[in-house]
Amino acid sequence: MPFPFPFRTGRTRFAVAAAALALSVTALAGCSDSGGGGGGSSSAPATPPSLIPATTAPPSASATSRPPAGGGVKVSIKDFKFRPAKQTVAPGTRITVTNDDTTTHTMTATKGKAFDTGDIAPGKSATFTAPSKAGAYPYDCTIHPFMTGTLTVK
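With the sequence shown counted from 1, adding 621 to any position gets you my numbering.
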């Protein structure tokens, strides 16, 4: 044989190894956890989790990205605590709850259905109207029940 078998030369072995490495890297990139789910066979890009809409709040609360302008009372959630945890307001006061924490929280009356913000994603807010009936309204985060507070209506 005047020519050696093609896979026996050093240069050809290097080219084959480089091609196999390139295919492996391409195949592994298609298997990454990018949310696409099919190994990259779709021509449409996957929606980043940050752009997936959050769950909607119940009718008694409206989710917003920032508190409304004007009056009202503000409650902040930070480090798994309501701040302030005890608050006194007039009947019908608008209360804006802002989640400054790293996980989803709620602010939900523990007795009856006096108020419930629904899920508030990190960095988001929800606004609800204080009950019209005077009294003390204990509340918690339904996701983290150790987070508690009291809203007093006078």
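Glycine included, each C-beta is placed from N, C-alpha and C at the ideal position.
For clarity, every value in this text was computed on a predicted model and none was experimentally measured.
{"query": "Is Phe703 near Gly770, with beta carbons less than 8 Å apart?", "result": "yes"}
{"query": "Alpha carbon to alpha carbon, what distance is there between Asn720 and Ser746?", "result": "6 Å"}
{"query": "Can you give me the C-alpha to C-alpha distance between Asp722 and Pro759, rounded to a whole angstrom?", "result": "21 Å"}
{"query": "Just to confirm, is the Cβ distance from Thr763 to Thr727 under 8 Å?", "result": "yes"}
{"query": "Taking the alpha carbon of Pro752 as the point to measure from, which residue in Phe767, Lys775 and Ala742 has its own alpha carbon closest?", "result": "Lys775"}
{"query": "Are there 16 or more other CB atoms within 10 angstroms of the CB of Phe749, so buried, or fewer, so exposed?", "result": "buried"}
{"query": "Nearest to Asp761 by alpha carbon, out of Pro743, Phe736 and Gly744?", "result": "Phe736"}
{"query": "Taking the straight line between their C-alpha atoms, what separation do you get for Lys695 and Lys732?", "result": "22 Å"}
{"query": "Would you say Gly693 and Thr709 are within 8 Å of each other, going by their C-beta atoms?", "result": "no"}
{"query": "Assuming Lys707 is part of the beta strand (DSSP E), what are its boundary residues?", "result": "Lys707 to Val710"}
{"query": "The beta strand (DSSP E) with Lys699 in it runs from where to where?", "result": "Val694 to Lys699"}
{"query": "Report buried or exposed for Met768, applying the criterion of at least 16 other Cβ atoms within 10 angstroms of its Cβ.", "result": "buried"}
{"query": "If we ignore side chains and look at the alpha-carbon of each, how far apart do Ala742 and Thr729 end up?", "result": "15 Å"}
{"query": "If you draw a straight line from the C-alpha of Gly739 to the C-alpha of Ile716, how long is it?", "result": "14 Å"}
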